[in-house]
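*Asks:*
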Amino acid sequence: MPFTELNDIAIHEAGHVIVCFLMSDLARLHLVTIDAEHGKTFDPNSDGGLVYKYLKQPKDLDFLELDQFCLLHLAGLAADLVNEQEGPPSWEYFLSEEFFLKINQFYYQGDMISFSSTFDRLIGVLQVAPQHYNLISIQLLVNIFSNRELLEVLLALREFIDRSKTIDGEALTKFLNDSYLSEYKRNVWPDVKEMRRKLFVLPNT
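Printed below as a string of structure tokens:
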């Protein structure tokens, strides 16, 4: 049973915000909105969205940094899957026509365009097939959001966004600094990033 209604914009954006917070050495949270009119000021096809500021020139990002931005673009989809599925989806689900049709919905068009433009820069250094990279990245995010303590953060953040409609980066950062996500970022996220190295051909190999 879903935690909230399907295609819930607030939980979708909460997923993006959480990953952006985790990669605060690369991007600074600026605002998130689920106000359709506000959202259209930076994306004419959007009912809302996340705005962040790059802390490094995009052209200078290395492959592990680009990988984090790929996760950021997939995070809304992963949050939706956690909301919609009874527990983390199986690997077979990610290979199914149902999942293929889902990610090709217009609802995800903006995220998929952003993901593709970043992912294209990783093609030459991938150690795995592109489809495998895409699926295990989504699966990773689903598993992260399904963790009991992180799920509590996701749902609490979703309520904050739903109630406020638009929240600036300072308020988002304070909210998440006061949550379990801050501990996760400090103690677990570095290992997650390091684990991702195996997906790539390392420069010194």
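Residues in the sequence shown are numbered consecutively from 0, following numbering that gives the first Met the number 0.
Cβ coordinates follow ideal geometry from the N, Cα and C atoms, glycine included.
None of the values given here were measured: they were computed from a predicted structure.
(1) Within its chain, find whatever has a CB closer than 6 Å to the CB of Leu134; leave out the 5 residues flanking it on each side and keep chain order.
(2) By Cβ distance below 7 Å, which residues in the same chain neighbour Met71 in space, the five residues on each side in sequence not counted?
(3) Determine, using beta carbons only, whether Leu198 and Gln130 come nearer to each other than 8 Å.
(4) Go through its chain and collect everything with a Cβ distance to Lys164's Cβ below 7 Å, but skip five positions before and after it.
(5) Going by beta carbon distance, what residues of the same chain come within less than 7 Å of Leu28, once the five residues before and after it are set aside?
(6) One question on the structure: do Glu12 and Leu49 come within less than 8 Å of each other, judged by their Cβ atoms?
(7) Would you grab the beta carbon distance between Phe114 and Cys69 for me? Rounded to a whole angstrom, and I think it's under 8 Å.
(8) Quick check on Arg162: buried or exposed, where buried means 16 or more other Cβ atoms within 10 Å of its Cβ?
(9) Please name the residue in Val124, Tyr53, Leu30 and Leu201 whose C-alpha comes closest to that of Asp24.
(10) For Pro88, I'd like the list of residues in its chain whose CB is within less than 7 Å of its CB, leaving aside the five on either flank, ordered along the chain.
(11) Does the distance from the C-beta atom of Leu121 to that of Asp66 stay below 8 Å?
(12) Which residues bound the beta strand (DSSP E) around Gly48?
(13) Of the residues Phe118, Tyr179, Arg196 and Phe159, which one's Cα is nearest the Cα of Arg147?
(14) Where does Asp110 sit, in a helix, a strand or coil, going by DSSP?
(15) Got a sec? Which residues, its chain only, sit under 6 Å from Ala9 by beta carbon, not counting five neighbours each side?
*Replies:* Reading it off the structure:
(1) In the sequence shown, the residue the question calls residue 134 occupies position 135. Contacts found: Phe93.
(2) Looking up residue 71 in the sequence shown gives position 72. The question names Met, yet the displayed sequence has Leu at residue 71. Counting only Cβ-Cβ distances below 7 Å, and skipping sequence neighbours, we find His15, Val18, Cys19 and Met22.
(3) The residue given as residue 198 occupies position 199 in the sequence shown. The residue given as residue 130 occupies position 131 in the sequence shown. Contact flag unset, no.
(4) Counted from its first residue, the sequence shown places residue 164 at position 165. Result list for Lys164: Thr32, Ile33 and Asp34, in chain order.
(5) Here residue 28 corresponds to residue number 29 of the sequence shown, with the count starting at 1. Closer than 7 Å at Cβ, skipping near neighbours: Val16, Cys19, Phe20, Tyr51, Gly168, Leu171 and Thr172.
(6) As a position in the sequence shown, residue 12 is number 13, starting the count at 1. As a position in the sequence shown, residue 49 is number 50, starting the count at 1. Yes, these two residues count as a Cβ contact at 8 Å.
(7) For the purposes of this step, residue 114 is identified with residue 115 of the sequence shown, where counting begins at 1. For the purposes of this step, residue 69 is identified with residue 70 of the sequence shown, where counting begins at 1. At roughly 6 Å, the Cβ-Cβ gap stays under 8 Å, so Phe114 and Cys69 are in contact.
(8) Your numbering for residue 162 matches position 163 in the sequence shown. With fewer than 16 Cβ atoms within 10 Å of its Cβ, Arg162 is classed as exposed.
(9) Within the sequence shown, residue 24 is the residue found at index 25, counting from 1. Out of Val124, Tyr53, Leu30 and Leu201, Tyr53 has the C-alpha closest to the C-alpha of Asp24.
(10) Here residue 88 refers to the residue found at position 89 of the sequence shown. Contacts found: Leu80 and Val141.
(11) Here residue 121 refers to the residue found at position 122 of the sequence shown. Here residue 66 refers to the residue found at position 67 of the sequence shown. The answer is yes: Cβ separation under 8 Å.
(12) To locate residue 48, count along the sequence shown from 1; it is residue 49. Element bounds for Gly48: Gly48 to Tyr53.
(13) Residue 147 sits at position 148 when you count from the first residue of the sequence shown. For the residues Phe118, Tyr179, Arg196 and Phe159, the minimum Cα distance to Arg147 belongs to Tyr179.
(14) Here residue 110 corresponds to residue number 111 of the sequence shown, with the count starting at 1. Three-state DSSP puts Asp110 in a helix.
(15) Counting from 1 along the sequence shown, the entry for residue 9 is found at position 10. Within the same chain, Ala9 has close Cβ partners Ile33, Arg157, Ile160 and Asp161.
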